[in-house]
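Student: Dropping the structure in here first, questions after.
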Amino acid sequence: MTVITSFTERLRKKEIQLERSLLKELSIQNLQNSIRMYFGTIHLFGNVLMDPGFEDACFDVGIESYLLGGKYSKFGFYGEDTNVVKNRCQQETEYLTDTLYHFWLYWWKIGVADNIDESTFYNCSQFVDYWWNEGYSQGKKRLKLRLH
């Protein structure tokens with residue numbers, strides 16, 4: 001007799017396998033450097049550049065956008081243009097950008113950050129876009145090398 005498995009279970013296993021393989025390529029040092037690059041201009045009270053809470057939230061969003069780019073890289077591998085692929089996952093990237101921006105707004109409301117404005121939203125958008133592109137290029141590279 002054969003074992004009956006559902007397609008959702010198999011899909012989830014493949015998704016986890018892809019995420020694990022992509023995360024092997026991700027460097028925490030690069031993630032920290034990009035956080036400082038994009039959010040180093042936001043001044044926090046007490047001259048604390050990056051509180052662990054800030055860094056953790058940026059890590060979460062950066063990793064999620066990296067994995068999202070890696071997941072959608074299969075479309076680029078099969079010939080779609082990068083802009084078309086970005087349009088496919090526009091809703092998810094907007095959600096990640098809004099999540100990160102609302103996190104910064106929350107800290108501003110409780111008085112930890114002192115200057116949150118439109119440039120912060122732009123920085124959040126650029127941060128998510130940067131890590132989406134990193135994941136996208138790593139995913140395409142893994143597919144070209146048949147490491148998936």
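With the first letter of the sequence shown counted as 1, position 85 gets the number 85 in UniProt numbering; the numbers rise by one all the way through. Ideal Cβ positions, reconstructed from N, Cα and C, are used throughout, including at glycine.
With distances taken Cα to Cα, identify the nearest neighbour of Lys86 among Gly69, Glu55 and Asp117.
Tutor: Nearest of Gly69, Glu55 and Asp117 to Lys86, Cα basis: Gly69.
Student: Would Leu145 be called buried (16 or more neighbouring beta carbons within 10 Å of its own) or exposed?
Tutor: Exposed, by the Cβ-count rule.
Student: Is it true that the CB of Ser34 sits closer than 8 Å to the CB of Ser79?
Tutor: According to the sequence provided, residue 79 is Gly. The question's Ser does not apply to it. No.
Student: From Ser21 to Tyr122, what does the alpha carbon distance come to, in whole angstroms?
Tutor: About 30 Å.
Student: What residue range does the alpha helix (DSSP H) around Gly53 cover?
Tutor: Per DSSP, Gly53 belongs to the alpha helix (DSSP H) from Pro52 to Phe77.
Student: Kindly indicate which residue of Gly53, Asp98, Gly76 and Leu11 has the alpha-carbon position closest to the one of Asn133.
Tutor: Measuring from the Cα of Asn133, the nearest candidate turns out to be Gly76.
Student: If distances are taken between C-alpha atoms only, which option among Thr120, Asp81 and Leu31 comes closest to Leu100?
Tutor: Leu100 has its Cα closest to that of Thr120, out of Thr120, Asp81 and Leu31.
Student: On the three-state DSSP scale, how would you describe Glu15?
Tutor: Helix at Glu15.
Student: Along the chain, where does the alpha helix (DSSP H) containing Asp129 start, and where does it finish?
Tutor: It spans Glu118 to Lys144 - the alpha helix (DSSP H) in which Asp129 sits, taken as one unbroken run.
Student: Just to check my reading of the structure: Asp128 and Thr82 have Cβ atoms closer than 8 Å, yes? What is that Cβ distance to the nearest angstrom?
Tutor: Reading off the sequence, residue 128 comes out as Val, not Asp. Their Cβ separation, rounded to whole angstroms, is 15 Å, which puts Val128 and Thr82 out of contact at 8 Å.
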